[in-house]
Amino acid sequence: MGILNDIRAKAVKFQKTICLPEALDERTLRAAADCAKLGFGPIVLVGDTAKIQAKAGECGADISKAIIRDPASDSEYPRLVSTLVELRQAKGMTAEAAEKALKDGIMYAAMLVKLGLVDGYVSGAVHSTADTLRPALQVIKARKGVKTVSAFFMMALPESSPYQKIQPVLFFGDSGLVQNPTPEELADIAVGTAQSWKALIGSDPIVAMLSHSTKGSAKHADVDKVTAALALVRKNAPELEIDGELQGDAALIREVGASKAPGSKIPGRANVLIFPDLDAGNICYKLTERLAGATAIGPLISGMAKPVNDLSRGCKAEDIVDAIAVTCCQAAALS
Ligand SMILES: CC(C)(COP(=O)(O)OP(=O)(O)OC[C@H]1O[C@@H](n2cnc3c(N)ncnc32)[C@H](O)[C@@H]1OP(=O)(O)O)[C@@H](O)C(=O)NCCC(=O)NCCS
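Counting in the working numbering, the sequence shown runs from 704 upward without gaps.
What follows is the structure, encoded as structure tokens:
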């Protein structure tokens, strides 16, 4: 697929160091081997060296170019412990609790990212979204000026879709993380997803704030939430091309937009769709995938101070390579 090839090519150029904490998972080891073959920057695996090498041997993955960070011999381990205590002291973190927390490879990866020893991490082939993201939310945190980290899906439309000729790729946010966003959180989701568009696709994001109402056609607190979020984005990120509230058809189809939202410059051009809540975002990405035949890539994470990405537990090695490539592009955009 064109877009993923472009992102992989950028990953080769950026040479970022990405950590994979689920180092005993066969797909993860294959992905590490594939990244080396493709010429990506270094991959860091976390765990027991002997076990990782034995597993890689079993599944025929050449991980000779990967770096293994084995907590038992890692010279940085004491610094990871003391920094974790420092960061989470107010939450009751002690040295003993930090050592226990660092037994979790994902927390280990989060601390490596926090200390700048790697540029980002990718996990979730084995762990749930919550387990993949919680350590990152606790120690890496949202980027300056952003309070809410969110998740989006990159939706690559098939040629059979009428919108494919206008926009072959759309971002759907938040489709995976923030359950019932406040206006402030929704504004952060819009800005974060738009920034991810710029980092990954390169062109300017054109953002539609979706609703069941277009420009006041319905009156409800749910509509007010969307218009309040839009006002916040306009105040905090005035450079962003954004409009709302718009129904899905008004956002995507120029003629419908011209009649329902005359004067709006978004209809027929939108590439970033922001949903009012997680139910809408998650349901729409799955329906677009199943009914329109789109390819859904994600959940990908926006708004972190340093990049972290989640995987689906049904993922293949090539999906992990794509998530690593995305993480490299996000790291480059932040550096
Ligand atoms: C991500 C998620 C696991 C975090 O919730 P949690 O595990 O209950 O963790 P907490 O609410 O205790 O938050 C942990 C920390 O992360 C922070 N945090 C949580 N969500 C955040 C967000 N969206 N942005 C920024 N920070 C966030 C909290 O402020 C807290 O920080 P602190 O410990 O320093 O005070 C939760 O939002 C979630 O389960 N989301 C839905 C994911 C899901 O099921 N998706 C399915 C569709 S794919």
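Every residue, glycine too, gets a C-beta built ideally from N, C-alpha and C.
- If you look at MET814, you'll find it in the alpha helix (DSSP H) that goes 808–817.
- Under the DSSP assignment, GLU948 falls in the beta strand (DSSP E) whose first and last residues are 944–949.
- Under the criterion of beta carbons closer than 8 Å, LYS963 and ALA973 do not qualify as touching, at roughly 14 Å.
- When C-alpha distances from ASP709 are compared across THR786, ALA764, ILE904, ALA845, the shortest belongs to ILE904.
- Separation of the CB atoms of GLN882 and LEU981 is rounded to 5 Å, and the pair is thereby assigned contact status at 8 Å.
- Exclusion of the five residues before and after LEU707 leaves ASP1025 as the residues of its chain whose Cβ lies within less than 6 Å of its Cβ.
- Between the alpha carbons of PRO908 and THR991 lies a gap of roughly 20 Å.
- Ranked by how close their Cα comes to the Cα of GLY808, the residues ARG772, ALA934, ALA997 have ARG772 in first place.
- With a cut-off of 6 Å, the C-beta of GLY795 is classified as distant from ligand 1, since no heavy atom of the ligand falls inside that distance.
- In chain order, VAL852 place their CB closer than 7 Å to the CB of LEU840, counting only its own chain and leaving out the 5 sequence neighbours on each side.
- For ALA932, the shortest separation between its Cβ and any heavy atom of ligand 1 does not lie below 6 Å.
- ARG937 counts as exposed, since fewer than 16 other C-beta atoms from the protein chains shown sit within 10 angstroms of its C-beta.
- As summarised for the region 736–804, the continuous alpha helix (DSSP H) elements at least 4 residues long and confined to that stretch are 752–761, 780–791, 798–804, given in chain order.
- Per DSSP, the continuous beta strand (DSSP E) segment holding LEU1003 begins and ends at 998–1005.
- Within the same chain, and ignoring the five residues on either side of SER878 in sequence, the residues whose Cβ sits closer than 8 Å to its Cβ are ALA854, PHE855, PHE856, PHE978, LEU981, GLY984, ASN985, CYS987, TYR988, GLY1001, PRO1002.
- With a cutoff of 7 Å on beta-carbon distance, LYS758 and ALA739 are scored as not near each other.
- Of all C-beta pairs linking the region 747–767 to the region 783–790, fewer than three are shorter than 8 Å, placing the two stretches out of contact.
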